[in-house]
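Everything below concerns the one structure shown next.
Numbering (our numbering), first residue to last: 212 to 348.
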C-alpha cells in the first residue's frame with residue numbers, strides 16, 4: 212500500500228473495503244487506531260454548484276470512523292454505525308480533503324469517534340461525531 216503510514220493489521224479481512232469507498236476515491240493513509248487518516252478527492256464528489264457534496268463528506272466520515280471502531284474492537288468483532296452527526300463549516304471546491312479520526316471513547320459494545328475534515332490548505336471544512344455498535348463478526 213504505497214503512501215500508507217501505519218498498515219492495517221493482518222487480521223482485518225480483505226473484504227472490509229467498501230465498493231462505495233472505491234466510487235468516491237476514499238483512501239486510508241494511516242491505520243493508527245488512535246489517529247486514523249483518510250483522503251478523498253473533491254473532483255467527482257461535488258453537488259451541482261461545484262462544492263463537495265455533504266453526502267460524500269458523510270461517507271468519508273462513516274468510513275474512517277467505522278475502520279477506527281473495527282481496529283479498536285480487535286479481531287472477531289465488527290462495527291456498525293448507529294449515529295452520525297456532521298457540521299459543514301467551509302466549502303471545499305477542489306483538490307483533496309483529509310479526514311482525521313480520533314477516539315472519544317472505545318468500549319466493548321459502543322465506540323464514539325471525533326472526525327475533522329480539512330482541505331488542502333489545512334482549513335477545517337467539516338467536523339463530525341460517529342458512534343458505532345461493536346458486534347461479534
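Think of the CB as a built atom: it goes at the ideal place given N, C-alpha and C, for glycine as much as any other residue. As the structure is a computational prediction, the values presented were derived from the model and not from experiment.
Neighbour-count burial assignment, residue i, 16 or more Cβ in a 10 Å radius
| i | result |
| --- | --- |
| residue 256 | buried |
| residue 296 | exposed |
Cα-Cα separation, residue i to residue j
| i | j | result |
| --- | --- | --- |
| residue 293 | residue 321 | 9 Å |
| residue 338 | residue 288 | 27 Å |
| residue 229 | residue 273 | 11 Å |
Terminal residues of the alpha helix (DSSP H) in which residue i lies
| i | result |
| --- | --- |
| residue 265 | 265-284 |
| residue 234 | 230-235 |
Nearest residue (CA-CA) to residue i, options the options
| i | options | result |
| --- | --- | --- |
| residue 242 | 234, 233, 236 and 217 | 217 |
| residue 276 | 324, 329 and 265 | 324 |
Host beta strand (DSSP E) of residue i (start-end)
| i | result |
| --- | --- |
| residue 242 | Here residue 242 belongs to no beta strand (DSSP E), and DSSP marks it neither H nor E. |
| residue 327 | 321-329 |
| residue 292 | 288-299 |
Residue i beta carbon near the ligand MG (any heavy atom closer than 8 Å)
| i | result |
| --- | --- |
| residue 324 | Here there are no bound small molecules, and the ligand MG is not part of this structure. |
Are there three or more Cβ pairs, one per stretch, closer than 8 Å when the region 306-314 is compared with the region 247-255? yes
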